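Numbered according to the working numbering, the sequence shown spans residues 1434 to 1975. Here is the structure we will look at.
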Amino acid sequence: MRDRLAEVIAEALAAIAGGELPPVHLERPARPEHGDWSSNVALAAAKSLGMAPRGMAMALKERIEANPPAHLGSVEVAGPGFLNFRLTPSWLHEALAEILTLGPDAWANPDLGHGERVQIEFVSANPTGPLHVGNGWLCSYGDALARMMARCGYQVSREYYVNDTGGQVRKLGASLLARRRGEEAPEGGYQGAYVAELAERYDAPDTNAPTEDVLAAGTWAVRHILDDIKASLEVLGITFDEWYSQASIEDSGAVEQTVAILAERGVVYEAGGALWLASSTLGDSRDRVLRKSPEKGGDYTYLAGDLAYHRDKFLIRGFDRVIDVFGADHHGQVASLMAGVQALGVEPGRLEVRLGQMVSLVSGKMSKREGNFVTLDTLVADIGPGATRLLSLVSSIDQAVLLDLDLVRKESAENPVFYVQYAHARIASIGRVAAERGVQRPAPAQAHLQLLTHERELTLMRTLTELPDILATAVAERAPHRVTTWVRELAARFHGFYHDCWVMGEGVSPELTHARLSLVEASRIGLTIALGLLGVDAPESM
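Structure representation (structure tokens):
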């Protein structure tokens, strides 16, 4: 309907003015009394055409009313020149029939990506301990974004970058061996109870690796912790296409090759015995070290390895776009990474970095090293995988989160998870009652949808029609929480409909029953799509 209105407005504008004209944009007004759709095209076009905005709007109104599109009730000029369109309920009935005809597989899947290959790297927590709530919170974001982009025509690959080398692995090994000997972990080591559990299971990996070798012990521990991380994520319905090893990059010589390419491109120089990336010339606040001076060990820095990894993403594996989902503690690395990737010849805009903010529980801060964290497994066991996922997608990831578990445990409208899932359970309940009574929902063309005129019905249908646009916006803005907001609103609208509009029973005609069963089915389709995108289960009963 929006596209039809935009076409009609564009034709009216061309008839009045001709020449090059601004694009027509339509928005749903925030206040229902302003109509179903609104456009500021008169304000946008008036100045360049030498007309007063309100006069332009009045001229457009007359043109449109002379040849109105289907379902148009009225056109109003508001304020300095806004056009507000009111539609007849028949447009909602038509939209409802479309939802029912297309179903959950074909409705609300706009082709935005056109096959673009996108890699989304998320979680990537160091495998030096179990996932805690803080570093596991963003896993639902990355997975939901991947689901939404895949539905919208992108070829999506999910990747976890395994930091399986370096000093933290040796510290983990030293901590494990100390606990195995009955000693406290060394200073700066890992203190959690999980270290003691690993120590009880530890044996020398092979005859060539001494039992007391810290690297061998750390590598063994990383492998077992990574298995646990995979199991934790699978409970949440999250799997990865690739678990990419940092050690494999270092062992392959890719870091040296990447630095050599940067040198060939003239963005590397030596100073003070160290090798530097001239990242300040590409938007960074200062230049960054790629290889330390001999006095400091002469090792390549984390940035050098990260650039080798991203060179592999873009220039070897050939992804069109890469989206990195990082925690707030990576904020200081973004500018240098962006500069380095651009220095490798990757066009600006192909790398996106999304930063999540801190997550707090009433119990306070969480740290693997200190051992005072709440594991993601503990949270999932407490409130369930669906609740964990939906809660982590309620707000934008750039907002800090204070998690109130007592509220989550309540079975009430205050609990967003219960409220949404209960709507689907009610839909299933209606379906069971209809089956018991032998009532079947007819095809859309025979469903008497024109009988749906109650305000609760109209509001529910309007909300349903918003999903394709909401999904498109969520993908464009990389904002899955917009779908969460929509599904909560749909649940609220359905509960209102359920309360005020009897689907079956005394006083409800068979024709109205058929129409309302169609609306119930469309609501199920909407909930099924949205909850599937969020990775949340849709229960049949509660």
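Note that beta-carbon positions come from the ideal geometry of N, C-alpha and C, so glycine has one too. Quantities reported herein were computed from a predicted structural model and do not represent experimental measurements.
Note on serine 1712: 16 or more other CB atoms within 10 angstroms of its CB, so buried under the neighbour-count rule.
Taking a contact to require three or more Cβ pairs closer than 8 Å, the segment 1581-1591 and the segment 1895-1912 qualify as touching.
For serine 1472, the uninterrupted beta strand (DSSP E) run begins and ends at 1470-1472, by DSSP. Alanine 1925 sits close to tyrosine 1852, with the two beta carbons spaced by under 9 Å. In terms of Cα proximity to proline 1501, the closest of Met1434, His1467, Asp1544 and Arg1487 is Met1434. With contacts defined by Cβ atoms closer than 9 Å, serine 1951 and alanine 1858 do not form a contacting pair. Using a 10 angstroms sphere on the CB of aspartate 1717, the tally of other CB atoms reaches 16 or more, which defines it as buried. For isoleucine 1671, the three-state secondary structure derived from DSSP is coil.
Nearest to proline 1456 by alpha-carbon distance, out of Asp1469, Trp1470 and Ala1478, is Ala1478. Cβ contact annotation for arginine 1487 (same chain, cutoff 7 Å, sequence separation greater than five): Val1510, Pro1513 and Gly1514, in chain order. Isoleucine 1553 carries a strand assignment under DSSP once its states are collapsed to helix, strand and coil.
Of the other Cβ atoms in all chains shown, 16 or more fall within 10 Å of the Cβ of glycine 1575; this residue is therefore buried. Counting along the chain, tyrosine 1574 sits inside the alpha helix (DSSP H) bounded by residues 1572-1584. Annotated as proximal: leucine 1710 and glycine 1773, with beta-carbon spacing under 9 Å. Per DSSP, the unbroken beta strand (DSSP E) holding isoleucine 1756 starts and ends at 1754-1759. Shortest Cα-Cα distance from leucine 1659 to any of Glu1890, Asp1684, Glu1689 and Tyr1627 involves Tyr1627. Straight across, the Cα-Cα distance linking isoleucine 1671 with phenylalanine 1927 is about 29 Å. With fewer than 16 other CB atoms across the displayed protein chains lying within 10 angstroms of its CB, leucine 1535 is exposed. The shortest C-alpha to C-alpha distance from alanine 1878 to any of Pro1781, Arg1889, Ala1528 and Gln1679 is the one to Ala1528. Excluding five sequence positions before and after alanine 1443, the CB atoms of its chain that fall closer than 6 Å to its own CB belong to Val1457, given in chain order.
Under DSSP, the beta-bridge partners assigned to valine 1701 are Leu1710.
Arginine 1634 carries a helical assignment under DSSP once its states are collapsed to helix, strand and coil. With a cutoff of 9 Å on beta-carbon distance, tyrosine 1742 and isoleucine 1662 are scored as not near each other.
A distance below 6 Å between beta-carbons, with the five flanking residues on each side excluded, links tyrosine 1587 to the following residues of its chain, in chain order: Gly1546, Glu1549 and Val1551. CA-CA distance, glycine 1817 to leucine 1605, rounds to 30 Å. In the DSSP assignment, serine 1590 falls within the unbroken beta strand (DSSP E) covering 1588-1595. Burial is judged here by how many other beta carbons sit within 10 angstroms of a residue's own beta carbon; methionine 1975 has fewer than 16 and is exposed. With distances taken between CA atoms, aspartate 1762 lies nearest to Ser1557 out of Ser1557, Leu1520 and Asp1720. Straight across, the Cα-Cα distance linking leucine 1533 with isoleucine 1958 is about 8 Å. Each residue's CA atom was taken as its position, placing serine 1472 and arginine 1921 some 27 Å apart.
Counting along the chain, the unbroken alpha helix (DSSP H) around leucine 1446 starts and ends at 1435-1449. Sorting Ser1665, Thr1521 and Tyr1855 by C-alpha distance to the C-alpha of threonine 1808 places Ser1665 at the top. Straight through space, the alpha carbons of aspartate 1636 and valine 1701 are spaced by roughly 45 Å. Using a Cβ distance threshold of 9 Å, alanine 1833 and valine 1792 count as a contacting pair. Annotation: glycine 1819 to glutamate 1869 spans about 30 Å, alpha carbon to alpha carbon. Just measuring C-alpha positions, the residue of His1565, Glu1498, Leu1505 and Cys1585 sitting nearest aspartate 1538 is Cys1585.
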